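Residues in the sequence shown are numbered from 2 upward in steps of one, following our numbering. Below is one structure; the comments refer to it alone.
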Amino acid sequence: MTTPFSSLSRAISGVRGPNPPLVERHVVTARIVCWVLVVVWLCAGAALGEDAEDPEIGFAGFLVDRYEYPNRVGAYPRVDVTFDEATRLCTERGKRLCTEHEWETACRGPRNMPFGYGIEFIPGRCNTPQPDGEGGWIRDQGTQPSGTFADCGPDHGAVDMVGNVWEWTQSWYDEERGWRVIRGGSWFNNLNLASADGRYGRELVAEFHLDLVGFRCCRDAPDGSQ
Numbered sequence: 002m003t004t005p006f007s008s009l010s011r012a013i014s015g016v017r018g019p020n021p022p023l024v025e026r027h028v029v030t031a032r033i034v035c036w037v038l039v040v041v042w043l044c045a046g047a048a049l050g051e052d053a054e055d056p057e058i059g060f061a062g063f064l065v066d067r068y069e070y071p072n073r074v075g076a077y078p079r080v081d082v083t084f085d086e087a088t089r090l091c092t093e094r095g096k097r098l099c100t101e102h103e104w105e106t107a108c109r110g111p112r113n114m115p116f117g118y119g120i121e122f123i124p125g126r127c128n129t130p131q132p133d134g135e136g137g138w139i140r141d142q143g144t145q146p147s148g149t150f151a152d153c154g155p156d157h158g159a160v161d162m163v164g165n166v167w168e169w170t171q172s173w174y175d176e177e178r179g180w181r182v183i184r185g186g187s188w189f190n191n192l193n194l195a196s197a198d199g200r201y202g203r204e205l206v207a208e209f210h211l212d213l214v215g216f217r218c219c220r221d222a223p224d225g226s227q
């Protein structure tokens, strides 16, 4: 059945068609400064080494959830949500959607790496298409629970920002048209999208939703931590 978003869904999924999506490369040029390096903030009061109910990673000026919403290791990311739904769910937790700059800063980590964990793609490190050994790619793994690919990101940093599911940001792609930016790619996307600098936003109106698109939350850093 054709839906109003069928063509756009195919573009985001990376399915070949007569009008392939314009893939943009976005580079954070500002110096990345972590006000707490490689420390997971255990905001629920859990001791280091125990499971935290709401783990966050601290950077200069903001904190980012370690996992995709609902920010719990072992939970499936919340997907198929509109921009407004994602905004509301973050607000209910006293947070907000990340800006595009915050998202990329967290994804690249303190070493400013295009895949978070390093400069070069490592097969199996993140939930992205995997090489089949014959020049092609395997795309059958689907969305996985948060933290399944525990090494997908900077050391002790945010996990699964590359691959698994796309993530809404609060930033405009085209404010006049009402288009928002999503980042990070998914388990289905080629590496030009499933990386720290791949982005998409064409026609992504607030009502758009897709089972490849989720989100994670950010919040401003507490006073005195910047």
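Built from N, CA and C at the ideal position, the CB exists for glycine as well. Please read these numbers as outputs of a predicted model, since none were measured by experiment.
Status (buried if at least 16 other CB within 10 Å, exposed otherwise) for residue i
| i | result |
| --- | --- |
| Gly136 | exposed |
| Asp224 | exposed |
| Glu93 | exposed |
| Ala151 | exposed |
| Ile58 | buried |
| Pro132 | exposed |
| Glu121 | exposed |
| Gly158 | buried |
| Asp55 | buried |
| Gly110 | buried |
| Pro115 | buried |
| Glu69 | buried |
C-beta atoms of residue i and residue j nearer than 8 Å
| i | j | result |
| --- | --- | --- |
| Cys219 | Cys99 | yes |
| Pro146 | Ile139 | no |
| Val182 | Arg200 | yes |
| Arg67 | Val214 | no |
| Gly186 | Gly154 | no |
| Ala87 | Phe216 | yes |
| Trp180 | Leu205 | yes |
| Glu105 | Arg184 | yes |
Residues of its chain near residue i, where Cβ-Cβ distance is below 7 Å and the 5 sequence neighbours each way are ignored
| i | result |
| --- | --- |
| Glu208 | Thr83 |
| Arg73 | Ser147 |
| Pro71 | Arg79 |
| Ala76 | Pro146, Ser147 |
| Leu64 | Trp42, Glu57, Ile58, Cys219, Arg220, Ala222 |
| Thr144 | Tyr77, Pro78, Val80, Asn165, Val166, Trp188 |
Per DSSP, cross-strand counterpart(s) of residue i
| i | result |
| --- | --- |
| Leu205 | None, per the DSSP bridge assignment. |
| Leu64 | Gly59, Arg220 |
| Val214 | Trp167 |
| Arg178 | Bridge partners of Arg178: none, in fact. |
| Trp138 | Pro132 |
| Ile120 | According to DSSP, which records beta bridges pairwise, Ile120 is partnered with nothing at all. |
| Leu98 | Cys218 |
| Trp173 | Arg181 |
Own chain residues within Cβ distance below 6 Å of residue i, not counting five before or after
| i | result |
| --- | --- |
| Met2 | A caution first: Met2 carries a pLDDT of 39, below 50, which makes its placement in the model unreliable, though a value can still be read off. So no residue of the chain qualifies. |
| Cys108 | Gly117, Met162, Ala197 |
Proximal residues to residue i (C-beta, below 8 Å), its chain only, five neighbours per side dropped
| i | result |
| --- | --- |
| Arg112 | Pro155 |
| Arg97 | Thr88, Cys91, Gln171, Cys218, Cys219, Arg220 |
Answer yes if the stretch 193-201 comes into contact with the stretch 161-180, meaning at least three C-beta pairs across the two stretches below 8 Å, and no otherwise.
yes
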